[in-house]
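Some notes on the structure that comes next.
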Amino acid sequence: LTGCDGVGTKIELLLKHDQLEAAGKDLVAMNVNDVLTTGADPILFLDYVGIPKIQKTQITRIIAGMTEYLEACNCILAGGETAEMPGMVPEGMVELSGFAIGACEKEDLLDPGTIAAGDVLVGWPSAGFHANGFSLVRRIIEKENLKFSEDEMRTLLLPTLLYHEQPAALKAAGIKPKAMAHITGGGLPENLGRMFLKRGLGCSLQIPYWQNDVVQKVLAHADQRDAIDTFNMGLGWVAIVSPEQADTAVKCGTGAKIIGTMNSTAEVTVEIVN
Numbered sequence: 014l015t016g017c018d019g020v021g022t023k024i025e026l027l028l029k030h031d032q033l034e035a036a037g038k039d040l041v042a043m044n045v046n047d048v049l050t051t052g053a054d055p056i057l058f059l060d061y062v063g064i065p066k067i068q069k070t071q072i073t074r075i076i077a078g079m080t081e082y083l084e085a086c087n088c089i090l091a092g093g094e095t096a097e098m099p100g101m102v103p104e105g106m107v108e109l110s111g112f113a114i115g116a117c118e119k120e121d122l123l124d125p126g127t128i129a130a131g132d133v134l135v136g137w138p139s140a141g142f143h144a145n146g147f148s149l150v151r152r153i154i155e156k157e158n159l160k161f162s163e164d165e166m167r168t169l170l171l172p173t174l175l176y177h178e179q180p181a182a183l184k185a186a187g188i189k190p191k192a193m194a195h196i197t198g199g200g201l202p203e204n205l206g207r208m209f210l211k212r213g214l215g216c217s218l219q220i221p222y223w224q225n226d227v228v229q230k231v232l233a234h235a236d237q238r239d240a241i242d243t244f245n246m247g248l249g250w251v252a253i254v255s256p257e258q259a260d261t262a263v264k265c266g267t268g269a270k271i272i273g274t275m276n277s278t279a280e281v282t283v284e285i286v287n
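Counting from 14, one number per residue, gives the positions in the sequence shown under this note's numbering.
Structure below.
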């Protein structure tokens, strides 16, 4: 099982606010989480760094963030490429991309084809917007001239969480989910819908209000439909389980909530509830 991804336009703010370790963590999480959705364990990671001129301190800090996350999920940094590209990569910018490989026994591989009406969706919280949707975040900040303290900006730029503990806890509890999703670009409707809409299934989601004052400063200037279709809305990981396993699944990891039930509507609806 493989994953390939980058940090997206969040990298501009991460560099501007000297959050280099967070950039490395984002890179790992965006790749490793995609591997974890299949039921596999991440075993190997490669990185690509494109810069105008090598700055050892800068590279060291980015890699430090990578290795901290990789150690947490027992994945090795097997190698990578650092390329000096003056004139191609603008001064002050860094290009980041990664590639992850996972492995699992065939019987542990998840099969979204087993999802059925009545199955329950369980969601786990995110730390923030994660490494997606930052083109919209940046546009709102610029257009509305939003101001953040350094502490607020660090909160806004918190790295994407690793979701390795949730699958491990589910497995330890004897639960094999029908499917799991890492909520990135496209938000809940797209990341969930791609697993079952073509089979005529849908779900109705009730999402708790996102208790994050810094995030809400941005969301106050976004159309709710656009926000739902772009951001994770406070939920970074979702597992679909059979109804008899739902209560046990909620106890796996921290902050989990039942957020909806599968149905036969062939659409994903999202309601924000207080």
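Here a beta-carbon is modelled for each residue, glycine too, at the ideal position from N, C-alpha and C.
Source: prediction; values computed, not measured.
Scanning I67, M246, I253 for the CA closest to the CA of Q224 turns up M246.
In its chain, beyond the 5 residues on either side, L57, F58, L59 have a beta carbon closer than 8 Å to the beta carbon of A91.
M98: not part of any alpha helix (DSSP H); DSSP gives it neither H nor E. Residues of the same chain with a CB within less than 7 Å of the CB of G266, apart from the 5 flanking positions on each side, are W137, E178, Q179, A182 in chain order. Our two residues, H234 and E157, have alpha carbons roughly 8 Å apart in a direct line. In the DSSP assignment, L57 forms a beta bridge with I89, I114. Per DSSP, the continuous beta strand (DSSP E) segment holding P221 begins and ends at 215-221. Inclusion of S110 and D39 in the CB contact set at 9 Å is not warranted, their separation being larger than that value. By the beta-carbon neighbour count (other beta carbons within 10 angstroms, threshold 16), I272 is buried.
The Cβ atoms of M43 and H143 lie closer than 9 Å to each other. When DSSP states are grouped into helix, strand and coil, V45 belongs to the helix group.
G141 has its alpha-carbon roughly 28 Å from the corresponding atom of I128. For L174, no beta strand (DSSP E) encloses it, and the DSSP letter there is neither H nor E. Contact check for E280 against G215 passes: the beta carbons are separated by less than 9 Å. In the three-state scheme derived from DSSP, where H, G and I count as helix and E and B as strand, I285 is classed as strand. Excluding residues up to 5 positions away in sequence, W223 lie with their Cβ nearer than 8 Å to the Cβ of Q229 in the same chain.
For the options N276, H195, K264, the alpha carbon positioned closest to that of V251 is the one of H195.
Using a Cβ-Cβ distance cut-off of 8 Å, the region 150-164 and the region 118-126 are not in contact, since fewer than three pairs of beta carbons, one from each stretch, lie closer than that value. By alpha-carbon distance to Y61, the top candidate from P172, A259, G146, G37 is G37.
One alpha carbon belongs to A77, the other to G52, and they sit about 27 Å apart. Taken through DSSP and simplified to helix, strand or coil, E163 comes out as helix.
Judged by DSSP in its simplified three-state form, M106 adopts coil rather than helix or strand.
Take I24, set aside five residues on each side of it, and the residues of its chain with a beta-carbon closer than 7 Å to its own are A36, V107, L109, in chain order. Spanning the alpha carbons of M166 and D226 requires a straight line of approximately 12 Å. Of the candidates N87, T50, L33, E84, the residue whose Cα lies closest to the Cα of T70 is L33. The beta carbons of G115 and V48 sit closer together than 9 Å. Going by DSSP, P125 is part of no beta strand (DSSP E) at all; its letter is neither H nor E. Between E118 and the set P55, P103, K264, the nearest pair of CA atoms involves P55.
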